Amino acid sequence: MEDKIAKLREMIAESDNIVFFGGAGVSTESGIPDFRSVDGLYNQKWKYPPETILSHSFFERDPEEYYRFHREKLVIDGVKPNRAHLRLAQLEQEGKLKAVITQNIDGLHQAAGSKNVLELHGSILRAYCSRCRRPYPAEQMNKGTGVPRCSCGGVIRPDIVLYEEALDEDILRRSIAYIRNADILIIGGTSLNVYPAAGLINYYRGNKLVLINLSETPYDSYADLIIHEKIGEVFSRV
Ligand code: CNA
24 MEDKIAKLRE
34 MIAESDNIVF
44 FGGAGVSTES
54 GIPDFRSVDG
64 LYNQKWKYPP
74 ETILSHSFFE
84 RDPEEYYRFH
94 REKLVIDGVK
104 PNRAHLRLAQ
114 LEQEGKLKAV
124 ITQNIDGLHQ
134 AAGSKNVLEL
144 HGSILRAYCS
154 RCRRPYPAEQ
164 MNKGTGVPRC
174 SCGGVIRPDI
184 VLYEEALDED
194 ILRRSIAYIR
204 NADILIIGGT
214 SLNVYPAAGL
224 INYYRGNKLV
234 LINLSETPYD
244 SYADLIIHEK
254 IGEVFSRV
């Protein structure tokens, strides 16, 4: 572990073109459960699996149940950025990190001070009407009860990409460009199981692919440096 941290520290010191690509594991140390860890959302008792509730067709069919899950499981009071978010923001300020590409929907990278954050799956901190697309403050959607409705009668929805929905093409295109041109690509806190996001790794052309994840991923053999440790812990030391 010491050797690997030292190696990563050295790599970071030498580069000014680092790109970070992360997922739910980046926020678990802030108290937000991920999907696939033992205490993640997939292993909790709920009427339907999270993938079903967080799908476009389920949202249309049963917005009431969707919002029960959304408010209980996705919105967590008082969460703060952890050492991984904070160090990434600092690396951007130092001119070393070009972009944070995240699958997370919690807004914690921006809360930590990161400016160039590409949110592949949107954010629960934004809301809009699913019928007329008028924007709404997220507060009302995240805190209220029942199904929030627009003055046009449409259901207000979070600005997140639900399962069955397409990713924003512009964000995807920009993410690919950052990854393709990166000197170092650090991937962390993601099981690399959710596509098309996980496929972004294939656009990297360098030889400094760093993977920081508690559990194994299908891409472990691609990594030039692999660290199976807590990501907040790792970033506090580099
Ligand atoms: P995932 O499939 O739940 O995988 C998370 C991975 O992170 C697992 O492989 C864990 O082993 C690993 N992990 C957990 N904690 C740590 C830690 N402290 N340090 C290092 N590794 C850790 O999540 P993915 O992001 O890969 O899956 C994509 C989904 C999950 C996206 O659509 C997200 O929107 C969605 N999600 C987001 C949040 C959030 O915004 N915070 C929370 C839960 C789920």
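Note that our numbering has the sequence shown beginning at 24, numbered continuously upward. Ideal placement from N, C-alpha and C gives every residue a C-beta, glycine not left out. In this text the structure is predicted, and so the values were computed from the model without any measurement.
Assigned secondary structure, residue i (DSSP; H/G/I helix, E/B strand, else coil)
i       : result
Lys-119 : coil
Ala-135 : helix
Gly-45  : strand
Ser-53  : helix
Val-233 : strand
Pro-73  : helix
Ile-28  : helix
Arg-157 : coil
Tyr-218 : coil
Ser-174 : coil
Ala-189 : coil
Asp-247 : coil
Ile-183 : strand
Option nearest residue i by Cα separation, candidates the options
i       : options                            : result
Asn-11  : Arg-156, Ile-183, Cys-155, Lys-231 : This structure cannot speak to residue 11, because the chain is shown only from 24 to 261.
Gly-167 : Phe-92, Ala-112, Arg-106           : Phe-92
Asn-139 : Leu-148, Ser-146, Ala-122          : Ala-122
Tyr-186 : Tyr-159, Glu-252, Leu-143          : Leu-143
Val-42  : Ala-135, Ile-199, Arg-106          : Ile-199
Glu-83  : Leu-215, Ile-250, Ser-153          : Ser-153
Arg-156 : Lys-70, Gln-133, Gly-176           : Gly-176
Tyr-89  : Gly-169, Glu-52, Leu-31, Gly-45    : Gly-169
Ala-150 : Arg-180, Pro-73, Thr-213           : Arg-180
Near the ligand CNA: residue i beta-carbon under 8 Å from a heavy atom
i       : result
Asn-127 : yes
Pro-56  : yes
Glu-284 : What the structure shows of the chain is the stretch from 24 to 261, and residue 284 is not part of that stretch, so it cannot be assessed.
Ser-214 : yes
Ala-270 : Because the chain here runs from 24 to 261, residue 270 falls outside it and cannot be looked at.
Leu-208 : no
Ile-76  : no
Glu-252 : yes
Leu-148 : no
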